[in-house]
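> Below is a structure I'd like to ask you about.
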C-alpha cells in the first residue's frame, strides 16, 4: 500500500518570498510522483511530475520539485511567489508501473498556499 | 477539445433522493475515475474504470454505483442520498505517458453536491 503525507495543511507566505511545500511518500515499490494545483472553485491541474531521469523537475510557472529517494520526499519549491499562486497543492504517487493499479493515484490531503500582498 | 466535462455543476438534494452525476471525456482515454473531495481529506477515490466494460471499487464506494456507458462516459449514481455525501465530486480520465507505464490524470471542473 502507498501513502502520501503533506506535512503542512496551510502555508501563508508574503509575496515575492520563497516557499517550500513538503511531501513525503511511503511505498514498497518504484514510484512516479506528481504535484497537482487546484485554484479556487476549479478542478485539479497537473503542475509537474517525476517519472525518471533527473531528480529535479520544473514547471512552466517557476515551481520545481526534487525527488529524494533516500528521504522518500518530493518537496515543491518556488523562489519567489506571486499572488496568483494562491491555491491548494496536492502531492500524489502512483505505484509499480508494471503491476496492477499503476493507473491509480494516491493523493495527500493538500496544502493551502496563501500569498499575502 | 473540451477535456473532461461534468454535469451538473451544482446540486441540492434532500435525504433519500437519488441522482446521477454525468462525466464525459473527449481525449480517447481508457481509464476514468470518480473522486470526492472533503475539507482536510484530500481526494478519495470512489470508483474507477480501467477500461471500457470494467469498473472497480476505490477507497470509499459505499452508497454509490457507477456505469461505464461507453469509452467516453462514466456516470456516478447516488441511490439514496445522505448528508454524509455532501461533497465536491470530481471525475478524471487518464492516459499512459508514452513508454513509461505511468498514467497522468486529467480532471473535470467538479460537481458541488449538498444533501439536506
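Residue numbers (the working numbering), protein chains in the order written: chain A, 100 to 216; chain B, 620 to 735.
Beta carbons: idealized from backbone N, C-alpha and C, even for Gly.
On a predicted model such as this, the values are computed, not experimentally measured, just so you know.
So, at 6 angstroms on beta carbons, what are the nonlocal neighbours of residue 125 of chain A in its own chain, with the 5 sequence-adjacent residues on each side left out?
For the purposes of this step, residue 125 of chain A is taken as residue 26 along the first chain, with counting starting at 1. So the qualifying residues of the chain are 102.
> At 3 residues or longer, what runs of the beta strand (DSSP E) sit wholly inside the region 122-205 of chain A?
122-125, 131-137, 143-149, 155-157, 163-167, 172-177, 186-193
> Can you check whether the CB of residue 640 of chain B is closer than 8 angstroms to the CB of residue 730 of chain B?
Reading the second chain from its first residue, position 111 is the one you call residue 730 of chain B. Reading the second chain from its first residue, position 21 is the one you call residue 640 of chain B. Contact: yes.
> At the 8 angstroms Cβ level, is residue 206 of chain A part of the contact set with chain B, yes or no?
Along the first chain, one-based indexing puts residue 206 of chain A at 107. Among the CB atoms of chain B, one or more fall inside 8 angstroms of the CB of residue 206 of chain A.
> Give me the Cα-Cα distance between residue 680 of chain B and residue 666 of chain B, rounded to the nearest whole angstrom.
Looking up residue 680 of chain B in the second chain gives position 61. Looking up residue 666 of chain B in the second chain gives position 47. Looking at the two C-alpha atoms, the distance is approximately 6 angstroms.
> Would residue 722 of chain B pass as a contact of residue 711 of chain B if the rule is Cβ separation under 8 angstroms?
If you number the second chain from 1, residue 722 of chain B lands on position 103. If you number the second chain from 1, residue 711 of chain B lands on position 92. No, Cβ-Cβ distance for residue 722 of chain B and residue 711 of chain B is not below 8 angstroms.
> Hey, does residue 723 of chain B have any beta-carbon neighbour from chain A nearer than 8 angstroms?
Residue 723 of chain B sits at position 104 when you count from the first residue of the second chain. Yes, contact with chain A.
> Taking C-beta pairs closer than 7 angstroms, name the residues in chain B that residue 193 of chain A reaches, listed in chain order.
Position 94 of the first chain, counted from the first residue, corresponds to residue 193 of chain A. For residue 193 of chain A, the chain B residues whose C-beta falls within less than 7 angstroms of its own C-beta are 721, 722, listed in chain order.
> Would you verify that the beta carbon of residue 162 of chain A is, or is not, closer than 8 angstroms to some beta carbon of chain B?
To locate residue 162 of chain A, count along the first chain from 1; it is residue 63. Output row for residue 162 of chain A: interface = no.
> What does the Cβ neighbour count give for residue 180 of chain A, buried or exposed, with the cut at 16 atoms within 10 Å?
What you label residue 180 of chain A is simply residue 81 of the first chain in a count that begins at 1. Answer is buried; the Cβ neighbour count reaches 16.
> Look up residue 636 of chain B in the DSSP assignment and say whether it is helix, strand or coil.
Here residue 636 of chain B refers to the residue found at position 17 when the second chain is read from its first residue. Residue 636 of chain B falls in the coil class under three-state DSSP.
> For the region 664-676 of chain B, enumerate the residues whose C-beta is nearer than 9 angstroms to any C-beta of chain A, in chain order.
664, 667, 669
> Quick one: residues in its chain with C-beta nearer than 6 angstroms to the C-beta of residue 716 of chain B, no 5 flanking neighbours on either side, listed in chain order?
Position 97 of the second chain holds residue 716 of chain B. Counting only Cβ-Cβ distances below 6 angstroms, and skipping sequence neighbours, we find 723.
> Tell me, please, whether the CB atom of residue 713 of chain B is closer than 8 angstroms to any CB atom in chain A?
Position 94 of the second chain, counting from 1, holds the residue named residue 713 of chain B. Chain A contact via Cβ: present.
> Determine, using beta carbons only, whether residue 148 of chain A comes closer than 8 angstroms to chain B.
Along the first chain, one-based indexing puts residue 148 of chain A at 49. At least one chain B Cβ lies under 8 angstroms of residue 148 of chain A.
> Secondary structure at residue 656 of chain B, three-state DSSP: helix, strand or coil?
For this step, residue 656 of chain B is matched to residue 37 along the second chain. Strand, per DSSP.
> Counting only beta-carbon atoms, is residue 108 of chain A nearer than 8 angstroms to chain B?
Your numbering for residue 108 of chain A matches position 9 in the first chain. Residue 108 of chain A counts as touching chain B.
> Taking Cβ-Cβ distances below 7 angstroms as the criterion, which residues of the region 637-650 of chain B are in contact with chain A?
650
> Check the DSSP bridge columns for residue 734 of chain B and list the partner residues they point to.
Here residue 734 of chain B refers to the residue found at position 115 of the second chain. Bridge partners of residue 734 of chain B: B/632.
> Given that residue 131 of chain A touches chain B, what residues does it touch there, using C-beta distances under 7 angstroms?
In the first chain, residue 131 of chain A corresponds to position 32, counting from 1. Those are 721, listed as they occur along chain B.
> How is residue 101 of chain A classed by DSSP in three states: helix, strand or coil?
Taking the first residue of the first chain as 1, we reach residue 101 of chain A at position 2. Three-state DSSP puts residue 101 of chain A in coil, outside helix and strand.
> Name the chain B residues whose beta carbon is nearer than 7 angstroms to that of residue 152 of chain A?
Reading the first chain from its first residue, position 53 is the one you call residue 152 of chain A. Neighbours of residue 152 of chain A on chain B: none; closest Cβ ~11 angstroms, over 7 angstroms.
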